[in-house]
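Numbering-wise (numbering that gives the first Met the number 0), the sequence shown opens with residue 0 and increments by one. Read the structure below first, then the notes.
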Amino acid sequence: MILSYRDKRTERFAEGDFVKDFQGFERQAWKRLDDLRALPNNRLESLKGDRSEQFSIRINQQWRLCFAWPQGNAGPSQVEIVDYH
């Protein structure tokens with residue numbers, strides 16, 4: 000679930016309205032919004048302790064996909080599948 004939007008045009012677009020500024024890349028924008036909406040469903044968690052700079056997504060009750068996402072980076076780093084409990 001997306002909690003808030005920084006601007007009205009993004010909010011309108013996310014609610015299904017046509018936004019002229021986004022014409023030509025609507026499909027890609029929808030995909031990225033869907034990706035954001037899916038994160039909570041994947042049980043995204045911010046980790047603590049010696050993994051405080053990492054996040055995890057549950058694979059099942061035992062295993063996690065852990066990763067760091069340094070500020071300004073285009074994607075995750077230090078990705079690992081681990082049973083860290």
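Every residue gets a Cβ at the ideal spot worked out from N, C-alpha and C, and that includes glycine. From a predicted model like this one, the values you see are computed outputs, not experimental measurements.
By the neighbour-count criterion, in which a residue is buried when 16 or more other Cβ atoms sit within 10 angstroms of its Cβ, GLN70 is exposed. A direct Cα-Cα distance of roughly 35 Å separates GLN77 from GLU14. In the structure shown, LEU64 falls within a strand segment according to DSSP collapsed to helix, strand and coil.
Here DSSP, grouped into helix, strand and coil, assigns PHE17 to coil. Taking the Cα positions, LEU64 is about 28 Å away from TYR4. For the pair SER55 and GLU44, the CB atoms are nearer than the 8 Å cut-off.
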